[in-house]
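Engineer:
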Amino acid sequence: MTMRYRRRHRTGITAATAAFVVAVGAVVTSGLALAHPIEPSQHTVNVVPSPPPTYSSSDTQAAKAAACSAWDRAARSTARASRASAEAIEQSWTSPESRAALATEKRTGMAAVSYLRTQMSDATPASTAIPLHGWMAANIDMLHALNMRHWDEAARELKRGNELIDVITFECGLR
């Protein structure tokens, strides 16, 4: 019996040769890309912002009335909560009643500001919206100062908010 041996055929390309060919191809392609860069596309779309919305006088009056009514409710609720906490604090700073009253004042202040924000719209005239936003900012800053126990800063913010009350009541035609 005769055994036949199969002879392996070599294709003539080794893995190293194939890698070298691929590397040369990459170098040539990169060189061509650098020599002939692609021109960027031309700007063809002009983006123009839409004009600000316009509101009729009845829209602005309705927005002003809603914002003023909401501010009146918010200001009255915060004033009641402030009075209650001031009365409780007169008795004792550390009593459970005074602590509860202060916590209620803070919650009421945040709820009032949140409510007022929901009642204001883009149609609210700037002459009304600007002092209302200032009043809300002063209240938020005062509540933050109270939480941080920065009493002088809280007093300044309270004064800033109180100074806006006359402006807002005049603008809203209240009292």
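Taking numbering that gives the first Met the number 0, I'd label the letters of the sequence shown as residues 0 to 174. Glycine is no exception: its CB is placed at the ideal position from the N, C-alpha and C atoms.
If Pro-130 and Leu-163 are in contact, beta carbons under 8 Å, what's the gap, nearest whole angstrom?
Structural biologist: For this step, residue 130 is matched to residue 131 along the sequence shown. For this step, residue 163 is matched to residue 164 along the sequence shown. Pro-130 to Leu-163, Cβ: 5 Å. Contact.
Engineer: Where does Met-141 sit, in a helix, a strand or coil, going by DSSP?
Structural biologist: The residue labelled residue 141 in the question sits at position 142 within the sequence shown. Helix, per DSSP.
Engineer: Which residue from Asp-58, Ala-73, Arg-159 puts its Cα closest to that of Gly-133?
Structural biologist: If you number the sequence shown from 1, residue 133 lands on position 134. Ranking the options by Cα distance to Gly-133, first place goes to Arg-159.
Engineer: With 16 as the cutoff for other CB atoms within 10 Å, does Thr-93 come out buried or exposed?
Structural biologist: Along the sequence shown, read from residue 1 onward, the residue named residue 93 stands at position 94. Classification for Thr-93: exposed.
Engineer: Leaving out five residues on either side along the sequence, give the residues of the same chain with a beta carbon under 8 Å from the beta carbon of Ala-87.
Structural biologist: Position 88 of the sequence shown, counting from 1, holds the residue named residue 87. Correct list, in chain order: Ser-94, Glu-96, Ser-97, Ala-99, Ala-100, Leu-101.
Engineer: Out of Asp-165, Asp-151, Asn-138, Ala-153, point me to the one whose CA is closest to Thr-127's CA.
Structural biologist: Residue 127 sits at position 128 when you count from the first residue of the sequence shown. That would be Asp-165, whose Cα lies nearest to the Cα of Thr-127.
Engineer: Taking the continuous alpha helix (DSSP H) assigned at Arg-98, which residues delimit it?
Structural biologist: Here residue 98 is taken as the residue at index 99 of the sequence shown, counted from 1. Taken as a continuous stretch (DSSP letters only), the alpha helix (DSSP H) holding Arg-98 covers 95-118.
Engineer: Assess contact between the region 41-58 and the region 101-115, defined as three or more Cβ pairs (one per stretch) separated by less than 8 Å. Is contact present?
Structural biologist: As far as the Cβ criterion goes, the region 41-58 does not touch the region 101-115, which means the pair count is below three.
Engineer: Confirm, please, whether the CB-CB distance from Met-119 to Ala-69 is below 9 Å.
Structural biologist: As a working note, residue 69 is residue 70 in the sequence shown. As a working note, residue 119 is residue 120 in the sequence shown. It is a contact, given that the beta carbons lie within the stated cut-off.
Engineer: Return helix, strand or coil for Ser-56, following the three-state DSSP convention.
Structural biologist: Looking up residue 56 in the sequence shown gives position 57. If DSSP states are grouped into helix, strand and coil, Ser-56 belongs with the helices.
Engineer: What did DSSP end up calling Leu-131 once you bin it into helix, strand or coil?
Structural biologist: Locating residue 131 in the sequence shown gives position 132, counting from the first residue. Three-state DSSP puts Leu-131 in a helix.
Engineer: If you measure from the CB of Thr-43, is any heavy atom of the ligand ZN nearer than 8 Å?
Structural biologist: Of the ligands one can find in the structure shown there are none, so the ligand ZN has no counterpart to examine.
Engineer: If you measure between the beta carbons of Thr-123 and Thr-59, is that distance less than 9 Å?
Structural biologist: Position 124 of the sequence shown, counted from the first residue, corresponds to residue 123. Position 60 of the sequence shown, counted from the first residue, corresponds to residue 59. A contact, by the Cβ cut-off of 9 Å.
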